[in-house]
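Trainee: Under our numbering, the very last position in the sequence shown is 119; numbers go up by exactly one each time.
All residues carry an ideal CB built from backbone N, CA and C; glycine is no exception.
This one's a predicted model, so the numbers in the text were calculated from it and none came from an experiment.
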Amino acid sequence: MPYVDGFVLAVPKDNIEAYKDMARTAGDVWKEHGALSFVECIGDDVPYGELTSFPRAVQAKDDEVVVFSWITYPSREARDQINAKVMADPRLSRDKWTMPFDGKRMIYGGFRSFLEL
Numbered sequence: 003m004p005y006v007d008g009f010v011l012a013v014p015k016d017n018i019e020a021y022k023d024m025a026r027t028a029g030d031v032w033k034e035h036g037a038l039s040f041v042e043c044i045g046d047d048v049p050y051g052e053l054t055s056f057p058r059a060v061q062a063k064d065d066e067v068v069v070f071s072w073i074t075y076p077s078r079e080a081r082d083q084i085n086a087k088v089m090a091d092p093r094l095s096r097d098k099w100t101m102p103f104d105g106k107r108m109i110y111g112g113f114r115s116f117l118e119l
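1. Are the C-beta of residue 81 and some C-beta of chain D separated by less than 8 Å?
2. Tell me, to the nearest whole angstrom, how far the beta carbon of residue 11 is from that of residue 107; I am working on the premise that it is less than 8 Å.
3. Determine the extent of the alpha helix (DSSP H) in which residue 72 is found, giving its start and end residues.
4. Could you check whether the stretch 56–72 touches the stretch 93–102, counting it as contact only if at least three pairs of C-beta atoms, one from each stretch, sit closer than 8 Å?
5. What does the alpha-carbon distance come out to for the pair residue 31 and residue 111?
6. Bridge partners of residue 50, per DSSP?
7. Could you pull out every residue in the same chain whose Cβ sits closer than 7 Å to the Cβ of residue 88, ignoring the five residues on either side in sequence?
8. Across the stretch 14–32 and the stretch 40–47, are there enough close Cβ pairs to call them in contact, namely three or more that are closer than 8 Å?
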């Protein structure tokens, strides 16, 4: 079963197209280096909860939309090797991109799959 990196972040609505451009490039890079899949989703039905919610988790503002993303890999070991290659890939150099979101409010982590139906 695949290993999964998951991400939740808030993107200003004015930066959605820039984010999509960056995501397309990033997806190509991850896939070329061995990721099984690369998925980006823009919040459509993501209510602001009283206690917990996706918007609360990333401190989304009124002019921002929540993005939920994941990347799958054959294993944790493969993920670590792929991510090392991705981070060294010049197409994702910080010199090439102005970040279209506040990375300090991004939530991310790696997950072992235990069920896939």
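Mentor: Once the coordinates are examined:
1. Any reference to chain D falls outside this structure, which holds one protein chain only.
2. 7 Å
3. Careful: residue 72 lies outside any alpha helix (DSSP H), inside the beta strand (DSSP E) at 66–75.
4. no
5. 19 Å
6. None; residue 50 has no bridge partner.
7. 31, 32, 35, 94
8. yes
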